[in-house]
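Shown next, in structure tokens, is the structure this report addresses.
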Amino acid sequence: NAGVMQNPRHLVRRRGQEARLRCSPMKGHSHVYWYRQLPEEGLKFMVYLQKENIIDESGMPKERFSAEFPKEGPSILRIQQVVRGDSAAYFCASSPYRDRGKGDGNTIYFGEGSWLTVV
Amino acid sequence: DAKTTQPPSMDCAEGRAANLPCNHSTISGNEYVYWYRQIHSQGPQYIIHGLKNNETNEMASLIITEDRKSSTLILPHATLRDTAVYYCIVRVGTSGTYKYIFGTGTRLKVLA
Chain A
6 NAGVMQNPRH LVRRRGQEAR LRCSPMKGHS HVYWYRQLPE EGLKFMVYLQ KENIIDESGM
66 PKERFSAEFP KEGPSILRIQ QVVRGDSAAY FCASSPYRDR GKGDGNTIYF GEGSWLTVV
Chain B
36 DAKTTQPPSM DCAEGRAANL PCNHSTISGN EYVYWYRQIH SQGPQYIIHG LKNNETNEMA
96 SLIITEDRKS STLILPHATL RDTAVYYCIV RVGTSGTYKY IFGTGTRLKV LA
């Protein structure tokens, strides 16, 4: 049973370029979360999506960042016109959606991350 | 903001139990406590979660106080591979809108 798959694992972009990070959730999972982790810091929530719908984007920077989770294919986190401050690890997590009343169906599982370096 | 507070760091001798505390005094009645850990440069790994009752699995035990304002994660026989940052999280929101807000965690160092 494959886990959450993220690619690329490492990405180098020059300032002003675009970065696209992809996340394929675990089989049967319909919800995706994106987190950012700056060096030596904790994980910061960015956005929570289900298929074709953004549920919560309260952690997303207002400009240059966008996320989608289409009906078919992986979730995409897109960063336009990258700056050096965007250099970070970006983690994706997925969960199913089946509330059994115990919360067991909503545990999120993380991928191994995508490391973005802006030069 | 995270609803949890944890000590920034702890040491534990290899083979001994590691007891990691977490305060969540503003937790609501239907909010679960989750624990994850992050080994250097890897994705966070799910450990355990609970609501009211104590829980145990192959990795750890979770002890939640009766008033639910604090909890303790117990690694019964810590090994060097358990060295990691451990995050205690209160899952907020309602069904279909859950959020997992990470705090700063506890950096556990297991000593040989």
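Going down the list, the protein sequences come from chains A and B. Residues in the first sequence are numbered consecutively from 6, following the numbering used here. Residues in the second sequence are numbered consecutively from 36, following the numbering used here. Glycine residues also receive a C-beta, built at the ideal position from the N, C-alpha and C atoms.
For a test of the three-state rule: what should DSSP assign to residue i, helix, strand or coil?
i, result
"Asn65/B", "coil"
"Arg116/B", "helix"
"Asp36/B", "coil"
"Gly90/A", "helix"
"Asn111/A", "helix"
"Arg61/A", "Per the sequence shown, residue 61/A should be read as Asp rather than Arg. Residue state, collapsed to three classes: strand."
"Asn12/A", "strand"
"Met94/B", "coil"
"Leu2/A", "Residue numbering for chain A in the displayed model covers 6 to 124; residue 2/A lies beyond these limits and cannot be assessed."
"Gly85/B", "strand"
"Pro30/A", "coil"
"Leu82/A", "strand"
"Leu43/A", "coil"
Shorter than 8 Å from the beta carbon of residue i to some beta carbon of chain A?
i, result
"Ile136/B", "yes"
"Thr139/B", "yes"
Mind pulling the chain B residues with CB within less than 7 Å of residue i?
i, result
"Thr112/A", "Tyr81, His84"
"Glu117/A", "Gln77, Gly78"
"Tyr53/A", "Lys134"
Could you round the C-beta distance between residue i and residue j to whole angstroms and report it? I think they count as a contact, below 8 Å.
i, j, result
"Gln55/A", "Arg69/A", "No, Gln55/A and Arg69/A are not in contact; Cβ-Cβ is about 23 Å, not under 8 Å."
"Asn54/B", "Thr40/B", "At roughly 16 Å, the Cβ-Cβ gap does not stay under 8 Å, so Asn54/B and Thr40/B are not in contact."
"Cys97/A", "Val52/A", "Actually they do not touch by this definition, with Cβ atoms about 10 Å apart."
"Leu26/A", "Tyr95/A", "5 Å"
"Ser60/B", "Lys104/B", "5 Å"
If you compare alpha carbons, which of the options is closest to residue i?
i, options, result
"Gly116/A", "Asn58/B, Met45/B, Gly78/B", "Gly78/B"
"Met10/A", "Cys28/A, Ala24/A, Gly21/A, Gly47/A", "Cys28/A"
"Val87/A", "Pro66/A, Asp61/A, Arg19/A", "Arg19/A"
"Glu66/B", "Thr107/B, Lys38/B, Gln80/B, Thr139/B", "Lys38/B"
"Gly24/B", "Tyr121/B, Thr132/B, Leu146/B", "Outside the displayed span of chain B (36 to 147) sits residue 24/B, for which this structure offers no information."
Is the CB of residue i under 8 Å away from at least one CB in chain B?
i, result
"Ile81/A", "no"
"Leu48/A", "yes"
"Phe74/A", "no"
I want to verify the contact list: residues of chain B whose CB lies under 8 Å from the CB of residue i, in sequence order.
i, result
"Ile60/A", "Gly131, Thr132"
Which residues of chain B have a Cβ atom closer than 9 Å to the Cβ of residue i, listed in chain order?
i, result
"Phe70/A", "What Phe70/A touches in chain B: nothing, since even the nearest Cβ is about 18 Å away."
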